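Q: Take my numbering: the last position of the sequence shown gets the number 206, and nothing is skipped along the way. We put the CB at the ideal spot given by N, CA and C, even for glycine. Since we're looking at a predicted model, the values are computed, not measured. Handing you a structure now.
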Amino acid sequence: MLEPLRAFFTKVISPIATLLIRMGVSPDAVTLVGTIGVCAGALVFFPQGMLLTGVLVITAFVFSDLIDGHMARTTGRVSKFGAFWDSTLDRVADGAIFIGLALYFAWEEPSRLYLVLSLVCLLMGGVTSYARSRGETLGFSVKVGIAERADRLVAILVATGFSAIFDLPVLLYIALWALAVASTITVGQRVWVVRKQAMAEAGTTI
Numbered sequence: 001m002l003e004p005l006r007a008f009f010t011k012v013i014s015p016i017a018t019l020l021i022r023m024g025v026s027p028d029a030v031t032l033v034g035t036i037g038v039c040a041g042a043l044v045f046f047p048q049g050m051l052l053t054g055v056l057v058i059t060a061f062v063f064s065d066l067i068d069g070h071m072a073r074t075t076g077r078v079s080k081f082g083a084f085w086d087s088t089l090d091r092v093a094d095g096a097i098f099i100g101l102a103l104y105f106a107w108e109e110p111s112r113l114y115l116v117l118s119l120v121c122l123l124m125g126g127v128t129s130y131a132r133s134r135g136e137t138l139g140f141s142v143k144v145g146i147a148e149r150a151d152r153l154v155a156i157l158v159a160t161g162f163s164a165i166f167d168l169p170v171l172l173y174i175a176l177w178a179l180a181v182a183s184t185i186t187v188g189q190r191v192w193v194v195r196k197q198a199m200a201e202a203g204t205t206i
């Protein structure tokens, strides 16, 4: 769903990537700095109730996910470690966003319900990624699901930002409910598709 946007932003960040390459910066370093920036935006500003500031900081550093990949492809430094490093730090960044929101609902806008929903989004988002990674490691195709990582990220950042701009916290509430449900459904979809393939491979029926 977000491929057209990804293509557009890839063109935008191309000059930045080229400059970093000339400066001798490695793609892995860009990945690390981007992750630290996202974590700082989420864990420093969200718990203080500075939702819009947090979203802007996170958004600025999220582009590193495009920059490092473009740098790796341009320089021919695509590697298994780079892929592992990128995926691992993606999980850290995603987790930090929902931990930041959980702390916001614990401290600034106390709500046990939305604190729990933030944690559900954190958990199911992690399981969604793990289910695909583990399934593909076992040789199955797991490219299914209604809530891919990019979709979840855009949804929560847009909803959080608009809820702060227009003073409409209901937008954030709706996003958390939607993501909790969508992530859970996605996990179920991935478990189901792996089970079907595993049963077919074993020569048994579901």
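What span of residues does the alpha helix (DSSP H) with residue 27 cover, start to end?
A: Sequence index remark: in the sequence shown, residue 27 carries index 27 (1-based). Its alpha helix (DSSP H) spans residues 27 to 40.
Q: Look up residue 134 in the DSSP assignment and say whether it is helix, strand or coil.
A: The residue you call residue 134 lines up with position 134 of the sequence shown. In this structure, residue 134 counts as helix in the three-state DSSP scheme.
Q: Going by DSSP in three states, residue 142 sits in which element: helix, strand or coil?
A: On the sequence shown, position 142 is the one that residue 142 refers to. Three-state result, residue 142: coil.
Q: Tell me which same chain residues have a C-beta within less than 7 Å of the C-beta of residue 144, skipping the five on either side of it?
A: Taking the first residue of the sequence shown as 1, we reach residue 144 at position 144. Contacts found: 189, 190, 193.
Q: On the CB-based measure, 16 or more other CB atoms within 10 Å of its CB, does residue 149 come out buried or exposed?
A: Residue 149 sits at position 149 when you count from the first residue of the sequence shown. Result: buried.
Q: What do you get for residue 54, buried or exposed, if any count of 16 or more other CB atoms within 10 angstroms of its CB means buried?
A: Working through the sequence shown from its first residue, we reach residue 54 at position 54. Result: buried.
Q: With a threshold of 16 other CB atoms inside 10 Å of the CB of residue 23, please say whether the residue is buried or exposed.
A: Taking the sequence shown and counting its residues from 1, the one referred to as residue 23 is at position 23. Residue 23 comes out exposed.
Q: Alpha carbon to alpha carbon, what distance is there between residue 142 and residue 74?
A: Residue 74 sits at position 74 when you count from the first residue of the sequence shown. Residue 142 sits at position 142 when you count from the first residue of the sequence shown. Distance between the alpha carbons of residue 74 and residue 142: 28 Å.
Q: Does DSSP put residue 84 in a helix, in a strand, or in coil?
A: Here residue 84 refers to the residue found at position 84 of the sequence shown. Here residue 84 sits in helix by DSSP.
Q: Just the C-alpha distance for residue 213 and residue 201, rounded to the nearest angstrom, thanks.
A: Since the displayed the chain opens at 1 and closes at 206, residue 213 lies outside it and no answer follows.
Q: Leaving out five residues before and five after residue 153 in sequence, what residues of the same chain have Cβ atoms less than 6 Å from its Cβ?
A: As a first step, residue 153 must be located in the sequence shown, where it is residue number 153. Counting only Cβ-Cβ distances below 6 Å, and skipping sequence neighbours, we find nothing.
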